[in-house]
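Working notes for the structure below.
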Amino acid sequence: MKHVWGAAALAVSLFAAAPSWAETVSLFCSSSGAEYELCKNGAEAWAKKTGNEVKINKMPAAWDEALPLYQQLLSAQSQDADVLLLDVVWIGLLQNHLLDLSAVLPKEDIAANFPSTVAAGTVNGKFVAQPWYTDTGLMFYRRDLLEKYKKPVPKTWAEFTETAKAVQDGERAAGNKDMWGFAWQGKSYEGLTCDAIEWVSSFDGGTIVDDKGNITIDNAGAAAALKQAHGWVNTISPQGVLNYDEESSRSVFEAGNAVFLRNWAYVWGTSQGKDQPLVGKVGVAALPVGKDGAKSSGCMGTAHLGISKYTKHKDAAVSLLSFMAGKDEQKRRAIEGAYNPTIASLYDDADVLKALPFLKDAQTAFADSVARPSAVTGSGYNRVSQAFYKAVHGVLAGEEQPEAALKALAADLETIKKRGKW
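Read in order, the letters of the sequence shown correspond to residues -22 to -1, 1 to 400 in mature numbering (1 follows the signal peptide of the UniProt record, and there is no 0).
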């Protein structure tokens, strides 16, 4: 790990021939091949435009490993960290180390983003993280099979469950004994927090903890959502779904053995790649809702950019962040790398829609995405999420009834809160 961060970090100095007055700004980029290249190319363009230099630090491949390293750098008030790539659930935890961007960015640059992503970057009234690209839970479906059985794309979870069962049974009768109605992420991990908060929010059950820090999870809407999800297991989803993560659920869908799949936007690219069996057979929609008229509540998976308040290159760092998160750069990243923009107007851009046609049907899903309570719970978020997904998993496995599980969960969260975690 030390070869990625720290003194021996892989640092790429761009535009090394800059004039003597140029500043060198550090930028943290994802280490994955495609995303790293996109980030590097954007930084290179900024360096060429401004005459400054950029030192790129590669993040660990597993983002979970990046957070403690950020904490180490920022707690030491390191001046080696200028512009930081931030997962949305880190923002509340790192807020005290980040620059208030509302004082340095034009208001129109902030307002151009989806309000939900701006809200996710705001903690205790301070806007500390500019949205860069977004993701949200989406419903992928077999367009060809819905057409075959003359079924519309379901709008509510009740309609969804009925449709999934009908198509599943029809395909099994036609010879595919491995067909299931719905693949999703039921493993006891952060992914289940995302899935379950979508169900709960769509039943007007809140977001575990509200934006004032009140614990809200013990309510009838949340119980109804979990009861519904428990009913999927062994009817439209296999027992094994309780061990599915994103990749295992995707594999079931792309093997032709699921009618519906809840997952992230990257599945569009994997399912529509060259020689894939589902090319032209997949549709994408916002997730169903608990009742007619409610908003779809896909879990927000936004990535943000922030600036360390200990930077010695404030103006140059602000300039780099503004460029990287700006409209032109977000458009380039959408077209070249299939990264979903946070700037609303790009969802009407012809070039972007040509590259990512599913965005036209999924725009409301990105606009209405629901945030996990990471900002308000701060350093306590990991404990909150762990308590939540373990309780949910117990209900899904039939070990507890929803009402009892949520009552016990609320008590556990009160204990976490009283220990000063938020």
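Every residue gets a Cβ at the ideal spot worked out from N, C-alpha and C, and that includes glycine.
Rounded distance between the beta-carbons of PRO380 and LEU204, thought under 8 Å: Stepping through the sequence shown from its first residue, residue 204 is reached at position 226. Stepping through the sequence shown from its first residue, residue 380 is reached at position 402. Contact check for LEU204 and PRO380: beta-carbon distance about 4 Å, within the 8 Å limit, so the pair qualifies.
Segment limits, alpha helix (DSSP H) that includes SER227: Along the sequence shown, read from residue 1 onward, the residue named residue 227 stands at position 249. Looking at the DSSP string, the run of the alpha helix (DSSP H) that includes SER227 is 224 to 232.
Same chain, Cβ closer than 7 Å to GLY70, five either side skipped, listed in chain order: If you number the sequence shown from 1, residue 70 lands on position 92. Sequence-distant Cβ neighbours of GLY70 in its own chain, meaning closer than 7 Å and more than five residues away, are VAL101, SER352, ALA353, VAL354, THR355, GLY356 and TYR359.
Rounded C-alpha distance that separates ALA322 from GLN308: Mapped onto the sequence shown, residue 322 falls at position 344. Mapped onto the sequence shown, residue 308 falls at position 330. Going by the C-alpha atoms only, they are around 11 Å apart.
Residue 401, buried or exposed, once every other Cβ within 10 Å from all chains shown has been counted against 16: Nothing about residue 401 can be read from this structure; the chain reaches only from -22 to 400.
Of the listed residues ALA40, PHE105 and ALA12, nearest to ASP78 (C-alpha basis): Within the sequence shown, the letter at position 100 stands for residue 78. Taking each of ALA40, PHE105 and ALA12 in turn and checking the Cα distance to ASP78, the smallest one comes out for PHE105.
Stretch pair the region 339 to 350 + the region 270 to 278: three plus CB contacts closer than 8 Å: Counting Cβ pairs under 8 Å, three or more are found: they touch.
Beta-bridge partners of HIS282, as assigned by DSSP: Stepping through the sequence shown from its first residue, residue 282 is reached at position 304. DSSP output for HIS282 lists LEU64 and PRO109 as bridge partner(s).
heavy atom of the ligand COA below 7 Å from GLN254 C-beta: With respect to the ligand COA, the structure offers nothing, as it holds no ligand at all.
From LYS26, SER180, TRP158 and ALA201, residue whose alpha carbon lies closest to that of ASN235: Mapped onto the sequence shown, residue 235 falls at position 257. Taking each of LYS26, SER180, TRP158 and ALA201 in turn and checking the Cα distance to ASN235, the smallest one comes out for TRP158.
Cutoff 6 Å; reference GLU378; Cβ partners in own chain excluding five residues on either side: By 1-based counting over the sequence shown, the position of residue 378 is 400. Scanning its chain for C-beta atoms nearer than 6 Å, with the 5 sequence neighbours on each side dropped, one finds around GLU378 the residues GLY372, in chain order.
Exposed unless 16 or more other CB atoms sit within 10 angstroms - verdict on GLN50: Within the sequence shown, numbered from 1, the residue matching residue 50 stands at position 72. Residue environment analysis places GLN50 among the exposed positions, since fewer than 16 neighbouring C-beta atoms fall within 10 angstroms of its C-beta.
Whole-angstrom distance between VAL296 and VAL96, CA atom to CA atom: Within the sequence shown, the letter at position 118 stands for residue 96. Within the sequence shown, the letter at position 318 stands for residue 296. Their Cα atoms are separated by approximately 17 Å.
Three-pair Cβ contact test at 8 Å for the region 164 to 179 versus the region 363 to 371: Output reads yes: the region 363 to 371 touches the region 164 to 179.
LEU123 to VAL61 span [Cα, whole Å]: By 1-based counting over the sequence shown, the position of residue 123 is 145. By 1-based counting over the sequence shown, the position of residue 61 is 83. Within the model, the alpha-carbon separation for LEU123 versus VAL61 is close to 46 Å.
The region 199 to 215 in contact with the region 149 to 156 per 3-pair CB rule at 8 Å: With a cut-off of 8 Å on Cβ pairs, the region 199 to 215 is not in contact with the region 149 to 156, counting fewer than three such pairs.
Inter-residue spacing [alpha-carbon to alpha-carbon] between SER180 and GLN57: Locating residue 180 in the sequence shown gives position 202, counting from the first residue. Locating residue 57 in the sequence shown gives position 79, counting from the first residue. Approximately 43 Å between the Cα atoms of the pair.
Contact between the region 16 to 36 and the region 288 to 307 (3+ Cβ pairs under 8 Å): By the C-beta criterion, the region 16 to 36 is judged to be in contact with the region 288 to 307, since at least 3 inter-stretch pairs fall below 8 Å.
CB of HIS282 within 8 Å of CB of TRP110, strictly: Here residue 282 refers to the residue found at position 304 of the sequence shown. Here residue 110 refers to the residue found at position 132 of the sequence shown. With contacts defined as CB atoms closer than 8 Å, HIS282 and TRP110 qualify as a contacting pair.
Identified DSSP bridge partners for MET117: Taking the sequence shown and counting its residues from 1, one reaches residue 117 at position 139. MET117 pairs with ARG240 and ALA263.
With 16 other Cβ atoms within 10 Å as the buried cut-off, status of GLN55: As a working note, residue 55 is residue 77 in the sequence shown. Looking at its Cβ environment, which holds fewer than 16 other Cβ atoms inside 10 Å, GLN55 is exposed.
Helix, strand or coil at GLY153 [DSSP, three-state]: Here residue 153 refers to the residue found at position 175 of the sequence shown. Under the three-state reduction of DSSP output, GLY153 falls in the coil class, being neither helix nor strand.
8 Å contact criterion, which GLY148 and TYR127 should meet: CB distance rounded: If you number the sequence shown from 1, residue 148 lands on position 170. If you number the sequence shown from 1, residue 127 lands on position 149. That belief holds up - the Cβ atoms of GLY148 and TYR127 are roughly 6 Å apart, short of 8 Å.
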